[in-house]
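A.B. asks: Chains as they are written, first to last, in the numbering used here: chain A, 150 to 462; chain B, 150 to 462. C-beta atoms are modelled at their ideal positions from N, C-alpha and C, and glycine is treated no differently. Since the structure is predicted, the reported quantities are computational estimates derived from the model, not experimental observations. Sharing a structure below in structure tokens format, with a few things to ask.
There are 2 protein chains.
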Amino acid sequence: MTRRDTPRLIALDWGTSSLRAWLLDGRGRVLDSARAPMGIMQVERREFADALDAVTAGWPQRLQAIASGMIGSTRGWVEAPYLSCPVSLGDLASALVPVPGGRLWIVPGVIRTSDVPDVMRGEETQIAGAIALRSDLGHGARFVLPGTHCKWVDVSDSRIKTFATYMTGEVFAVLRDHSILGGPAREATPDASATGGSAAFLRGVDAARRADGIAPLLFSVRALEVTGGLTSGESLEYLSGLLIGDEIRSALAEPAGMPPILIGEPALCARYRRALSRFGIDGAGEVEGTAPAGLFRIATAAGLIEAATEAEP
Amino acid sequence: MTRRDTPRLIALDWGTSSLRAWLLDGRGRVLDSARAPMGIMQVERREFADALDAVTAGWPQRLQAIASGMIGSTRGWVEAPYLSCPVSLGDLASALVPVPGGRLWIVPGVIRTSDVPDVMRGEETQIAGAIALRSDLGHGARFVLPGTHCKWVDVSDSRIKTFATYMTGEVFAVLRDHSILGGPAREATPDASATGGSAAFLRGVDAARRADGIAPLLFSVRALEVTGGLTSGESLEYLSGLLIGDEIRSALAEPAGMPPILIGEPALCARYRRALSRFGIDGAGEVEGTAPAGLFRIATAAGLIEAATEAEP
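Put into structure tokens, the structure is as follows:
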């Protein structure tokens with residue numbers, strides 16, 4: 150193992166349902182990675198140390214470790230209080246909270262205070278990583294992080310200025326699994342969605358785009374099934390389009406001036422890109438590998454490790 | 150039993166989850182009533198006749214019977230195809246569908262056709278009943294029927310002109326029971342909502358009233374809990390306010406010119422009345438007993454029974 154490949158940091162994205170870990174060298178390059186269904190809802194508090202040992206088994210145990218995500222919530226290992234917007238990478242690095250024992254540090258979340266507040270844990274680190282990977286984005290960009298709780302994050306001057314959370318992924322899942330809208334599709338044969346799914350998705354996006362809120366549209370999923378306008382297989386694609394379309398409509402009420410940057414699962418980002426195009430927004434960018442990049446940069450800024458310079462042999 | 154009290158009709162509101170039955174005299178007065186958890190999702194198709202016998206046990210079996218609701222859907226006993234708006238009581242009466250055997254007739258549902266269609270089954274009969282009970286409402290009124298799938302129905306010239314369905318009740322239930330928003334409240338002690346519930350409800354209504362859609366607000370239920378702005382017990386009241394407030398905001402985008410008329414469970418109607426007042430709408434009316442009244446009038450118009458006249462002894 151050359152010095153370039155020397156492990157320097159263990160980086161953790163420790164969320165509600167899963168724990169992802171990366172072994173990084175002194176330049177932040179990924180030497181190894183691991184993933185386990187050991188989110189904070191799956192693991193008892195007294196078992197966090199064991200979970201960490203399990204997912205990093207075989208990696209050097211003397212290394213410093215840094216974690217972002219729900220592990221810093223009140224239900225996590227140690228609470229890392231929220232920082233208020235605007236928040237820079239340096240602010241995050243200055244506010245790391247140590248887990249007793251001295252090996253692991255937790256990145257704080259971010260809060261947007263107002264009558265209707267909003268919070269994030271984990272995404273702030275991904276944003277820091279995206280800016281580290283693409284320094285041009287620090288000047289000013291809007292990021293979209295699709296998922297269970299999709300975040301729209303506005304960055305300028307390398308700081309998170311404001312953000313909004315859309316529960317699009319979770320709302321879709323609970324309506325699919327537990328409401329009348331998902332019933333027929335749950336009983337449909339798996340291949341029923343093979344045809345027409347994409348058109349049904351865009352039909353949903355367009356309906357939401359032309360409306361001023363999702364409330365009077367949701368039941369149309371059912372009404373279209375009943376009247377033969379959608380097959381059961383297509384109906385969930387239409388529902389997905391309604392929800393993502395309504396999210397985009399709402400988020401674009403505050404114009405950004407440039408196409409957003411997507412961060413997330415490629416298939417989900419592709420879905421958002423198709424929906425954005427219905428709003429006349431093409432050319433949305435994408436950044437990958439943001440979580441380990443952000444964790445590495447924050448750890449470096451905090452002095453947990455000494456980053457290798459380009460000049461290093 | 151005097152002639153006035155002679156049973157003339159069995160009226161049924163047969164929905165997804167329950168079956169309500171009334172024994173009516175020749176003026177449509179309720180002589181007896183019954184209710185059973187024998188909705189079409191609880192009863193197999195071949196058992197509908199037994200369910201009807203069970204809920205009407207002890208009532209004269211020679212009477213004609215009329216039913217509205219999901220019993221007329223494709224999953225019901227016999228399908229009663231939708232009539233397109235505008236629809237009058239006479240239209241409904243002319244389109245009754247007999248169940249083989251000759252004793253029971255089913256009221257059709259109503260459809261609003263468009264790119265984003267909407268359907269109802271059962272509410273059309275309640276509207277017919279409301280107009281029968283309050284003839285002034287036939288000239289022009291907007292009805293609101295809160296519930297699992299809340300309907301806003303515009304009537305003029307004694308016809309259902311248009312309507313919209315809001316899944317407010319079902320969305321609330323699935324978010325409460327299956328999403329992160331209900332988690333803390335599900336774990337809270339039952340008395341946690343005793344204080345502040347009403348204020349939290351109105352706070353949610355106000356937040357939705359000032360917004361242009363619910364999408365960026367839902368997560369504030371969670372964010373307010375996390376930041377101490379709401380107790381776990383209050384959070385579901387706030388969520389209820391958000392959803393009902395968003396429904397009202399959306400529905401009022403099409404002004405009606407007069408306060409709406411509420412039809413439904415008194416406690417739920419009271420909740421809607423409090424929310425409406427935040428939109429500056431006071432004096433919403435209420436009509437009770439609409440289902441048996443509507444069923445009676447439709448049956449009479451269809452000639453299933455001969456209505457007793459006021460002159461009848």
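Using CA atoms only, rank isn't needed, just tell me which of I159(B), L367(B) and D181(B) is closest to V265(A).
C.D. replies: The residue given as residue 265(A) occupies position 116 in the first sequence. Measuring from the Cα of V265(A), the nearest candidate turns out to be L367(B).
A.B. asks: Looking at the ligand SAM, does it come within less than 7 Å of S426(B), judged from the CB to the closest heavy atom?
C.D. replies: For the structure depicted, the ligand SAM is absent and the ligand set is empty, with no information on it obtainable.
A.B. asks: Out of curiosity, what's the CA-to-CA distance linking P339(A) and D240(A)?
C.D. replies: Position 190 of the first sequence, counting from 1, holds the residue named residue 339(A). Position 91 of the first sequence, counting from 1, holds the residue named residue 240(A). In this prediction, P339(A) scores a pLDDT of 47, lower than 50, which makes its location untrustworthy; the coordinate-derived value is nonetheless stated afterwards. C-alpha separation (whole angstroms): 48 Å.
A.B. asks: Between the stretch 269-281 of chain A and the stretch 298-312 of chain A, are three or more C-beta pairs nearer than 8 Å?
C.D. replies: Cβ pair count under 8 Å is three or more, so yes.
A.B. asks: Whose CA, out of D361(A), G362(A), D431(A) and V370(A), lies closest to the CA of R352(A)?
C.D. replies: Translated into positions along the first sequence, residue 352(A) becomes position 203. With distances taken between Cα atoms, R352(A) lies closest to V370(A).
A.B. asks: Our contact map puts E383(A) next to G346(A) with C-beta atoms below 8 Å; I'd like the distance itself, whole angstroms only.
C.D. replies: In the first sequence, the residue the question calls residue 383(A) occupies position 234. In the first sequence, the residue the question calls residue 346(A) occupies position 197. Right, the Cβ-Cβ distance comes to about 6 Å (below 8 Å), so this counts as a contact.
A.B. asks: Select from the stretch 207-235 of chain B all residues with a C-beta closer than 9 Å to any C-beta belonging to chain A, and list them in chain order.
C.D. replies: Here the close residues are S222, T223 and Y231.
A.B. asks: Who are the Cβ neighbours of S305(A) in its own chain at under 6 Å, not counting the five residues just before and after it?
C.D. replies: By one-based count along the first sequence, residue 305(A) stands at place 156. Closer than 6 Å at the Cβ level, and outside the excluded window around S305(A), lie G289.
A.B. asks: For T439(B), which residues does DSSP report across the bridge?
C.D. replies: On the second sequence, residue 439(B) is found 290 positions in, with the first residue counted as 1. Paired residue(s): none; T439(B) is not in a bridge.
A.B. asks: Does any CB atom of chain B fall closer than 8 Å to the CB of Y315(A)?
C.D. replies: Stepping through the first sequence from its first residue, residue 315(A) is reached at position 166. It does: the Cβ of Y315(A) has a partner Cβ on chain B nearer than 8 Å.
A.B. asks: Would you list, in chain order, the members of the stretch 354-381 of chain B that have their beta-carbon closer than 7 Å to a beta-carbon of chain A?
C.D. replies: Going along the stretch 354-381 of chain B in chain order, one finds A356, D361, G362, I363, A364, P365, L366, L367, F368, S369, A372, L373, V375, T376 and G378 with a Cβ nearer than 7 Å to chain A.
A.B. asks: Given that V323(B) touches chain A, what residues does it touch there, using C-beta distances under 7 Å?
C.D. replies: Within the second sequence, numbered from 1, the residue matching residue 323(B) stands at position 174. Under the 7 Å cutoff, chain A gives V323, L324, H327 and S328.
A.B. asks: If contact means a Cβ-Cβ distance below 8 Å, which residues of the stretch 286-312 of chain A contact chain B?
C.D. replies: Hits within the stretch, in order: H298.
A.B. asks: Bridge partners of C136(A), per DSSP?
C.D. replies: Shown here, chain A extends from 150 to 462; a query on residue 136(A) therefore has no answer.
A.B. asks: Beta-carbon of I260(A) versus every beta-carbon of chain B: anything under 8 Å?
C.D. replies: For the purposes of this step, residue 260(A) is identified with residue 111 of the first sequence, where counting begins at 1. So, interface residue.
A.B. asks: Take the Cβ of G377(B) as the centre, count every other Cβ of all protein chains shown within 10 Å, and call the residue buried at 16 or more, exposed below.
C.D. replies: Locating residue 377(B) in the second sequence gives position 228, where the first residue counts as 1. G377(B) should be labelled exposed.
A.B. asks: To the nearest whole angstrom, what separates the beta carbons of R261(A) and C234(A), a pair I think is in contact under 8 Å?
C.D. replies: Taking the first sequence and counting its residues from 1, the one referred to as residue 261(A) is at position 112. Taking the first sequence and counting its residues from 1, the one referred to as residue 234(A) is at position 85. Indeed they touch by this definition, with Cβ atoms about 5 Å apart.
A.B. asks: So, is the C-beta of S167(A) closer than 8 Å to a C-beta in chain B?
C.D. replies: Within the first sequence, the letter at position 18 stands for residue 167(A). Judged by the 8 Å Cβ criterion, S167(A) is not in contact with chain B.
A.B. asks: Output yes if chain A places a C-beta closer than 8 Å to the C-beta of L158(B); else output no.
C.D. replies: In the second sequence, residue 158(B) corresponds to position 9, counting from 1. Cβ-Cβ to chain A under 8 Å: no for L158(B).
A.B. asks: With which residues is D264(A) paired in a DSSP beta bridge?
C.D. replies: Position 115 of the first sequence, counted from the first residue, corresponds to residue 264(A). Note: D264(A) sits in no beta bridge, so no partner.
A.B. asks: Comparing C-alpha positions only, which one of G332(B), A200(B), R398(B) and L392(B) sits nearest to A183(B)?
C.D. replies: Position 34 of the second sequence, counted from the first residue, corresponds to residue 183(B). The option with the nearest alpha carbon to A183(B) is A200(B).
A.B. asks: For the stretch 389-411 of chain B, which residues have a beta carbon sitting closer than 9 Å to at least one beta carbon of chain A?
C.D. replies: Cβ contacts with chain A come from L392, D395, E396, R398, S399, A400 and A402.
A.B. asks: Would you mind telling me which residues of chain B sit closer than 9 Å to V192(A), beta carbon to beta carbon, in chain order?
C.D. replies: For this step, residue 192(A) is matched to residue 43 along the first sequence. Those do not exist, as V192(A) stays about 17 Å from chain B at its closest Cβ, beyond 9 Å.
A.B. asks: Distance, Cα to Cα, L453(B) vs V320(A)?
C.D. replies: For the purposes of this step, residue 453(B) is taken as the residue at position 304 of the second sequence. For the purposes of this step, residue 320(A) is taken as the residue at position 171 of the first sequence. Roughly 46 Å between the two C-alpha positions.
A.B. asks: When DSSP labels each residue in this structure, what does D340(A) get in the three-state scheme?
C.D. replies: Reading the first sequence from its first residue, position 191 is the one you call residue 340(A). Residue placement at D340(A) is flagged as unreliable, the pLDDT there being 47, under the threshold of 50; the coordinate-derived value follows with that caveat. The answer is helix: DSSP assigns D340(A) an H, G or I state.
A.B. asks: Where do the ends of the alpha helix (DSSP H) carrying V354(B) lie?
C.D. replies: Stepping through the second sequence from its first residue, residue 354(B) is reached at position 205. Residues G346 to R359.
A.B. asks: Determine the DSSP secondary structure at V375(B), reduced to helix, strand or coil.
C.D. replies: Residue numbering aside, residue 375(B) sits at position 226 when the second sequence is read from its first letter. Three-state DSSP puts V375(B) in a helix.
A.B. asks: Taking the alpha-carbon of P186(B) as reference, which of A214(B), G177(B), F197(B) and R176(B) has the nearest alpha-carbon?
C.D. replies: In the second sequence, the residue the question calls residue 186(B) occupies position 37. Of A214(B), G177(B), F197(B) and R176(B), the residue nearest in Cα terms is F197(B).
A.B. asks: Can you tell me which of the three DSSP states A244(B) falls into?
C.D. replies: Counting from 1 along the second sequence, the entry for residue 244(B) is found at position 95. A244(B) falls in the coil class under three-state DSSP.
A.B. asks: Just checking: is the beta-carbon of E319(A) within a distance shorter than 8 Å of some beta-carbon in chain B?
C.D. replies: If you number the first sequence from 1, residue 319(A) lands on position 170. Chain B contact via Cβ: present.
A.B. asks: Could you name the residues of the stretch 167-181 of chain A whose beta carbon sits closer than 9 Å to any beta carbon of chain B, in the order they occur along the chain?
C.D. replies: Answer in chain order: no residues at all.
A.B. asks: Using a Cβ cut-off of 7 Å, pull out every chain A residue sitting near V265(B), in sequence order please.
C.D. replies: Numbered from 1 along the second sequence, position 116 holds the residue referred to as residue 265(B). Here the neighbours are A356, L366 and S369.
A.B. asks: Could you please give the first and the last residue of the uninterrupted beta strand (DSSP E) stretch that includes I215(B)?
C.D. replies: As a working mapping, residue 215(B) is identified with position 66 in the second sequence. Looking at the DSSP string, the run of the beta strand (DSSP E) that includes I215(B) is Q213 to S217.
A.B. asks: Under 8 Å between the Cβ atoms of I215(A) and W254(A)?
C.D. replies: Here residue 215(A) refers to the residue found at position 66 when the first sequence is read from its first residue. Here residue 254(A) refers to the residue found at position 105 when the first sequence is read from its first residue. Yes. Within cutoff.
A.B. asks: Is S233(B) helix, strand or coil when you go by DSSP?
C.D. replies: Here residue 233(B) is taken as the residue at index 84 of the second sequence, counted from 1. If DSSP states are grouped into helix, strand and coil, S233(B) belongs with the strands.
A.B. asks: Indicate whether at least one CB of chain A lies closer than 8 Å to the CB of V246(B).
C.D. replies: Translated into the one-based positions of the second sequence, residue 246(B) becomes position 97. False, the Cβ-Cβ gap to chain A never drops below 8 Å.
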